[in-house]
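Data block below; observations after.
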Amino acid sequence: MEHRGLGWPRLPRLLELLAALAVQAVRASAIAAASPDLSLWPMPLSVQTTPRVLHLSPDNFFFGHSSTSKAGPSCSLLQEAFRRYYDYIFGFYKWHHGSADLRVGVELQQLQVSVVLEPECDTFPKISSDESYTLLVKGPVASLTANRVWGVLRGLETFSQLIYQDFYGTFTVNESNIVDSPRFPHRGILIDTSRHFLSIKSIFKTLDAMAFNKFNVLHWHIVDDPSFPYQSITFPGLSEKGSYSSSHVYTPNDVRMVIEYARLRGIRIVPEFDSPGHTQSWGEGQKDLLTPCYNGKDPSGAFGPINPIWNTTYSFLSKFFKEISTVFPDEFIHLGGDEVDFDCWASNPEIQDFMRNKGFGRNFKKLESFYMQVVLDMISAINKSSIVWQEVFDDASKLMPGTVIQVWKVEDYTREQSKVTEAGFPVILSAPWYLDWISYGQDWKKYYAVDPLSFEGSQEQKKLVIGGEACLWGEYVDATNLTPRLWPRASAVGERLWSHKDVRGLEDAYRRLTIHRCRMLRRGIAAEPVFTGYCDHEDRM
Amino acid sequence: MAGSALWFSLLLAAAFAGRATALWPWPQYIQTSEQRYTIFPYTFQFQYHVSSAAQVGCSVLDEAFQRYRDLLFGSVSFHFPQPMGKRHMSEKNSLVILVVTPGCDQFPSLESVENYTLTVNDEQCFLLSETVWGALRGLETFSQLVWRSPEGTFYINKTEIEDFPRFPHRGLLLDTSRHYLPLASILDTLDVMAYNKFNVFHWHLVDDSSFPYESFTFPNLTKKGSYNPATHIYTAQDVKEVIEYARLRGIRVLAEFDTPGHTLSWGPGVPGLLTPCYSGSHPSGTFGPVNPALNNTYEFMSTFFLEISSVFPDFYLHLGGDEVDFTCWKSNPDIQAFMKKKGFGEDFKKLESFYIQTLLDIVSAYGKGYVVWQEVFDNKVKVQPDTVIQIWREEMPVRYTKEMELVTSAGFRALLSAPWYLNHITYGPDWKNIYMVEPLAFEGSPEQKALVIGGEACMWGEYVDSTNLVPRLWPRAGAVAERLWSNKMLTNLDFAYKRLAHFRCELLRRGVQAQPLSVGYCDVEFEQT
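As you go down the protein sequences, you meet chains F and U in turn. Here numbering that gives the first Met the number 0 is used: the first residue of the first sequence is 0, the next is one more, and so on. Here numbering that gives the first Met the number 0 is used: the first residue of the second sequence is 0, the next is one more, and so on.
And the structure:
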């Protein structure tokens, strides 16, 4: 069991003991997984299965709450999940009503769910949310135990993956005992809705597939240079002028729906409002925010990054981020900070004066740092935490402790991880997982082979790696190709971030991933093929 | 072809005329102006000219009118007011079609004439073509010329187009063996092919991985060789449907049954067909290519290709012949004995030649022509002079341009695919490389160049099925389509980008899940179901 990161509450003693045993059981689980019936993805921490099978009848099976559970039917998050998973298990197959004639063996009639602690039914998932669970599958009543609803959601997914149809079409599950918890608490997918707009339907689909892969963070890179689809309540001009069109916009209601849809699946929404670079689209709707670039003595008519020297910039940002902090419930806001181009700043005489006054010399990294520090202070003043791209760390002389650094540059990324963690900052790893970079063949193997802790550093440093994100930037991606480009390639990252570090056998991964991909297809996700072959249920699009 | 100076002036004229930039592929000659005519969806009609050889009852055109009416106005609610009073000069109520040569029920062929002229001016709105196939191409162009103002009014600009394809064989290969493609995926692809003026569907039906073609002579082939004999097959009815659907769009179906390699899926259904591989003096239990040493093999092929020849109406069959692995043949003592008997020595290319020649004789006895992959030529198989050689290898044994030179200097007709393997993907706008390929950029005489009948975009199926086929294919295959249709002078990437980006949005509007070329948006985006 690896505990890492931001010091979330420890598991209660019982689960902890089970988990400790589970580490011992990893070897055993690898063997169990080799049985052709098991196609769990991502692989749980510990799996013990027996050859004893139970049968399920769609007419005579239900999800229920244990009498000792702290959650009951009033927990709509669980009720919704029960309905979804009933559908995932039974809904896509042909089956005959009333034929509860199960030929042999014991029937599984119920999965009884028990939440041990305050369930957190109506809260939002957090970085510290407990996702651990234990699943005991035996007849006639199986049990799923977790500290919080978040663990129940993960356990339901695993339970649904255990069930298969036997040769005669009977729903079947092997008696099993599973103890599971994630290796990293931050397991994200980045989508980019600025370079191409993605409808909320596409985002919902992505959230569905994320839940199937036990991802728990949607990093929503919502705006960038090309367009500003986020409809701000305080500054409606931003999307009015900065979006592609009035139909390429996320209304406050759209955003609420995405957040709630994600919450019901145990997924956090981390919004990114990248600045001071990548902000061309902000300029349209917010006059005097971007830096006017100069051509010699005269403004060239072009604009650069946000102007870091005007007070109006900061009063705008302060109001803007206040809105963001109320719209998005997550503790974290991603502030971007990547790829700031200094040429425009350098051309601008006012900025040159400011640099002189501040004693920055010709070092524009200092100006960038100055800007970021003000914004970071702003965010902490509204009781939020910040995530930034690695440049903010690279270019800063000092940085607010606790700022999470996302490592994205692929060159020497392990060394960057060492440096960042050595300085005591938490890390999210993305560099090896830019899924928009496509190539011919089975590139999932490359993503799968990455170990996020393969950098040089102490135990304490490694604990600062809170997880990773698969990034699907939008230059060449929109609703037409999002799903097949993301899945099942992102699944490789999903398992790497959830499962034990020793789960890395490619052959078994290939076998499970192929079946998992067919499972996603069946559930309506147009996941592309891993390699030559077929699924029983092909895409119905 | 036009003198380049004249042609460029036309190009410029068109580029400034706004709406015509939506055309893909670009026509051979176009003149267009800012003058525009209104089209009212509820009164607009496609009409046969009185002296047209095709009239009502011509299935190809009747159905095309219906399709293009839907494509043009399908989602329009016809609620805005009827135009009152006298018809205006600035309105067009009909496109009049005149086809010169009769024939609505035949199949398109390599020799089909696809020329057309389209005239939209004060006096007429008129499509003239030699054949119905040309009329289909003209209808597509017409549909791309019609545009809609923000207020919802339909317009077409004054335009004069004279158009014909640069190459007669403009193909797209789909591979239904490595992954099964549902019938709907194939039919949808045929639609988009027609939008791009492709005219050959090269159907790589079977391969090592699976045998989805349901043969009525040898039903065991699919029973034992398909992924799932109930669901992952093409029945005779499916095949008929594909052929007819393609015909109605002026598209030929070129069926490929690749032998003697790439045939593992044939084995389970036809015992004794494949070569048993040996490990030392014992069969290893694995199988290699078709066994060329047995008479039974040729009897089987004879019966099988008799069926294929009757099922697929096109004059050409594709017989494959690529990537034959000799190691299994080498290991087999019966084959060794056969080699000795035939005096082939150790040269397995001679054995391959023997097989292919026998097969070609069988197929030509059925009155069919054939296309083969380049190895058949490389391995010096003696083939009939009218054989078409498809060039697919980029660098080996020689660069593909050199191979084009060799094939044509030997007097064979050539089909180019090597630079157009669309299943190979890379990051970024790779359509530009695809677009910039010049099929005749090899050393050779004009006579040699005249032997290049066209090319094919290939979408092999190792990593492609119905989940990702459409976005991987479109609009990238569009780049090939224009290269094969339009004038060779058309190499300006900015001009192509503008039109292709626009065309991609038009594809979205028509319900095709075509992926983006670059950052941006379309008014109508693809809607997730």
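Just so it is clear, CB atoms sit at the ideal spot from N, CA and C, and this is done for glycine as well.
Within the region 147–223 of chain F, the complete alpha helix (DSSP H) segments at least 4 residues long are 148–161 and 199–211, listed from N- to C-terminus. Only those residues of the region 277–307 of chain F whose C-beta falls short of 9 Å from the nearest C-beta of chain U would be listed, and there are none. Looking at TRP23/U, GLU150/U, ASP360/U and LEU305/U, the one whose alpha-carbon comes closest to that of ASN195/U is TRP23/U. Interface annotation, PHE525/U: in contact with chain F, CB-CB separation under 8 Å. The C-beta separation of HIS220/F from ASP273/F comes to about 7 Å, placing the pair in contact by the 8 Å criterion. Classified as exposed, GLY284/U has fewer than 16 neighbouring CB atoms from the shown chains inside 10 Å of its CB. Under the three-pair Cβ rule at 8 Å, the region 142–159 of chain F counts as touching the region 107–124 of chain F. Around the CB of GLU455/F, fewer than 16 other CB atoms lie within 10 Å, so the residue is classed as exposed. For SER330/U, no beta strand (DSSP E) encloses it; the enclosing alpha helix (DSSP H) starts and ends at 325–330.
For PRO291/U, there is no enclosing beta strand (DSSP E), as DSSP marks it with neither H nor E. In the three-state reduction of the DSSP assignment, SER416/U falls in the coil class, being assigned neither a helical nor a strand state. The straight-line gap separating the alpha-carbon atoms of LYS339/U and LEU350/U is approximately 11 Å. Around the C-beta of HIS54/F, 16 or more other C-beta atoms lie within 10 Å, and the residue is accordingly described as buried. The straight-line gap separating the alpha-carbon atoms of PRO431/F and ILE437/F is approximately 12 Å. Spatial neighbours of TRP388/F in its own chain (CB-CB distance under 7 Å, excluding positions within 5 residues in sequence) are listed in chain order as GLY335, GLY336, ASP337, GLN405 and TRP407. With a cutoff of 8 Å on beta-carbon distance, SER50/U and LEU126/U are scored as not near each other.
Annotation for PHE331/F: VAL269, SER384 and ILE386 place their beta carbon closer than 6 Å to its own, counting only its chain and skipping 5 residues before and after. Selection VAL464/F, VAL52/F, ALA301/F and TRP281/F evaluated against THR312/F yields TRP281/F as nearest (Cα-Cα).
Check the Cα spacing between ILE232/U and each of VAL289/U, PHE64/U, LEU182/U and LEU499/U: the tightest is with LEU182/U. Secondary structure note for LYS444/F: its alpha helix (DSSP H) is the uninterrupted segment 443–448. With 16 or more other Cβ atoms from the protein chains shown falling within 10 Å of its own Cβ, THR466/U counts as buried. For the region 33–60 of chain U, the set of positions with a beta-carbon nearer than 9 Å to some beta-carbon of chain F is empty. Not a single CB atom of chain U sits nearer than 8 Å to the CB of GLU117/F. Around the beta carbon of PRO259/U, a 10 Å sphere encloses 16 or more other beta carbons of the protein chains shown; the residue is thus reported as buried. In the DSSP assignment, ALA145/F is bridged to VAL114/F and TYR132/F. Contact between SER408/U and GLY454/U is ruled out by a C-beta separation of about 19 Å, above the 8 Å threshold.
For the region 196–207 of chain F, residues whose beta-carbon sits nearer than 7 Å to a beta-carbon of chain U comprise PHE196, SER198, LYS200, SER201 and LYS204. In the structure shown, the three-state DSSP call for SER417/F is helix. Per DSSP, the unbroken alpha helix (DSSP H) holding SER352/U starts and ends at 347–364. Beta-bridge partners of GLY466/F (DSSP): HIS185/F and ILE427/F. Take VAL469/U, set aside five residues on each side of it, and the residues of its chain with a beta-carbon closer than 6 Å to its own are GLN512, in chain order. Bridge partners of TRP388/F according to DSSP: GLN405/F.
Take the alpha-carbon of ALA478/U and the one of TRP430/U: they are about 6 Å apart. The way I'd put it, the region 365–373 of chain U does touch the region 382–397 of chain U; three or more beta-carbon pairs between them come closer than 8 Å. As far as DSSP is concerned, THR140/U takes part in no beta bridge. Straight across, the Cα-Cα distance linking THR31/U with VAL119/U is about 9 Å.
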